[in-house]
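Start counting the sequence shown at 1364; every next residue gets the next number (my numbering).
Reading through the structure tokens given below for one structure.
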Amino acid sequence: MDKNLLLTAIRASLEAGSEIMNVYTDPNADFEIEKKADNSPLTIADRKSHMVIAARLASTPYPVLSEEGKKIPVEERQSWNELWIVDPLDGTKEFIKRNGEFTVNIAYVKNGKPEAGVIYIPVKEELYFADSQYGAYKIEHITQLDSDETVDSLIGKAHRLPYQEEAQRSSFIIVASRSHLTPETEAYIEEMKQKHQEVETVSKGSSLKLCLIAEGKADVYPRFAPTMEWDTAAGHAIIRAMGKEVYQAGTQHPLEYNKEDLLNPWFIAE
């Protein structure tokens, strides 16, 4: 995609991260936790992050599909060949637990495929960004952009993913959800233990699981539990840009986006 548009998404993620941290670090903050229709939590930080991102992305040519945005009729969405898919605060449960494992996710999707993605980890001040044309990158210790910053200057400061040293690992690493480990996932882990001599499992919250795959620090992420498109789109874009894929479980078909039903099928990232 156009590098200026990717830069806009990066700027939006950092500004959203700042808003989230203002709530997270305030000792007197009331997270104003509500329950959504599916009984998942929603906080004031989710809402503030959504407002910042929506305002930034309003300057771009593409509509926004956000977890916290208004529900858009399927008929309207079906006409969108290009769009942003956003989770303003992925890992709200982790945010409420104050374990730091939450992210800001912004993806650019074209014809159902995630072509570019941005994930920001506010607590760690770590930024992942990727485009299918020029690869996937990670920058540490970043909270804002200079006024003259460009995508090229960011690439100049970044680590290209995956990390090469991870290719020397002898163990096979499976990354699993911190909050959603199902019997099917446990069965899959047992199956992998039959195939590989040394198997480790790592638990993480939010899209951090997909980030571990992108870094090369994990080999596979099986998800046999519900997720929504905004949970995976940004991480999927980053994984695609570094040479891996997110498949519908049991198939060689990648996950697709802006579907009639925004619920993802079970999947395996590898």
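Think of the CB as a built atom: it goes at the ideal place given N, C-alpha and C, for glycine as much as any other residue.
Model, not experiment: these values are computed from the prediction.
Quick check: residue i and residue j, are their CB atoms within less than 8 Å of each other?
{"i": "residue 1467", "j": "residue 1380", "result": "yes"}
{"i": "residue 1563", "j": "residue 1536", "result": "yes"}
{"i": "residue 1422", "j": "residue 1451", "result": "no"}
{"i": "residue 1618", "j": "residue 1595", "result": "yes"}
{"i": "residue 1534", "j": "residue 1561", "result": "yes"}
{"i": "residue 1633", "j": "residue 1567", "result": "no"}
{"i": "residue 1551", "j": "residue 1376", "result": "no"}
{"i": "residue 1581", "j": "residue 1538", "result": "yes"}
{"i": "residue 1407", "j": "residue 1449", "result": "no"}
Sort the options by Cα distance to residue i and report the nearest one.
{"i": "residue 1516", "options": "1531, 1532, 1413 and 1492", "result": "1492"}
{"i": "residue 1439", "options": "1621, 1631 and 1610", "result": "1621"}
{"i": "residue 1397", "options": "1374, 1455 and 1390", "result": "1455"}
{"i": "residue 1414", "options": "1432, 1627 and 1424", "result": "1432"}
{"i": "residue 1499", "options": "1526, 1485, 1505 and 1506", "result": "1526"}
{"i": "residue 1385", "options": "1559, 1534 and 1410", "result": "1410"}
{"i": "residue 1419", "options": "1378, 1435, 1453 and 1458", "result": "1378"}
{"i": "residue 1623", "options": "1387, 1616, 1406 and 1442", "result": "1442"}
{"i": "residue 1589", "options": "1567, 1367 and 1544", "result": "1544"}
{"i": "residue 1547", "options": "1509, 1613 and 1581", "result": "1613"}
{"i": "residue 1370", "options": "1510, 1571, 1629 and 1528", "result": "1510"}
{"i": "residue 1459", "options": "1367, 1600, 1405 and 1558", "result": "1405"}
{"i": "residue 1445", "options": "1583, 1368 and 1559", "result": "1368"}
If you draw a straight line from the alpha carbon of residue i to that of residue j, how long is it in whole angstroms?
{"i": "residue 1524", "j": "residue 1530", "result": "11 Å"}
{"i": "residue 1489", "j": "residue 1480", "result": "14 Å"}
{"i": "residue 1447", "j": "residue 1365", "result": "14 Å"}
{"i": "residue 1497", "j": "residue 1598", "result": "16 Å"}
{"i": "residue 1611", "j": "residue 1372", "result": "27 Å"}
{"i": "residue 1569", "j": "residue 1506", "result": "20 Å"}
{"i": "residue 1383", "j": "residue 1391", "result": "14 Å"}
{"i": "residue 1518", "j": "residue 1477", "result": "20 Å"}
{"i": "residue 1573", "j": "residue 1591", "result": "14 Å"}
{"i": "residue 1495", "j": "residue 1470", "result": "12 Å"}
{"i": "residue 1587", "j": "residue 1631", "result": "8 Å"}
{"i": "residue 1475", "j": "residue 1427", "result": "14 Å"}
{"i": "residue 1616", "j": "residue 1501", "result": "27 Å"}
{"i": "residue 1520", "j": "residue 1508", "result": "12 Å"}
{"i": "residue 1412", "j": "residue 1424", "result": "20 Å"}
{"i": "residue 1556", "j": "residue 1549", "result": "11 Å"}
{"i": "residue 1571", "j": "residue 1457", "result": "11 Å"}
{"i": "residue 1374", "j": "residue 1558", "result": "43 Å"}
{"i": "residue 1640", "j": "residue 1395", "result": "No answer is possible for residue 1640: it lies beyond the span of the chain, which begins at 1364 and ends at 1633."}
{"i": "residue 1512", "j": "residue 1522", "result": "17 Å"}
{"i": "residue 1628", "j": "residue 1583", "result": "17 Å"}
{"i": "residue 1462", "j": "residue 1503", "result": "19 Å"}
{"i": "residue 1593", "j": "residue 1487", "result": "21 Å"}
Is the closest heavy atom of the ligand NAP to the C-beta of residue i under 7 Å?
{"i": "residue 1563", "result": "With respect to the ligand NAP, the structure offers nothing, as it holds no ligand at all."}
For the stretch 1574-1593 and the stretch 1603-1612, state whether three or more C-beta atom pairs, one from each stretch, are separated by less than 8 Å.
-> Segment contact: the stretch 1574-1593 against the stretch 1603-1612, three or more CB-CB distances shorter than 8 Å; contact assigned.
Beta strand (DSSP E) runs wholly inside the stretch 1439-1493, at least 3 long, in chain order | Correct list: 1445-1453, 1466-1473 and 1476-1484.
What are the complete alpha helix (DSSP H) segments, minimum 4 residues, inside the stretch 1513-1572?
-> Here the runs fully enclosed are 1514-1520 and 1546-1558.
Return the chain-ordered ranges of every alpha helix (DSSP H) run that is complete within the stretch 1405-1435 and spans a minimum of 4 residues.
-> Fully enclosed alpha helix (DSSP H) runs of 4 or longer: 1407-1420.
Continuous beta strand (DSSP E) assignments of at least 3 residues falling wholly in the stretch 1594-1633 = If one requires a minimum length of 3 residues, the beta strand (DSSP E) runs lying completely within the stretch 1594-1633 are 1609-1611 and 1630-1632, in chain order.
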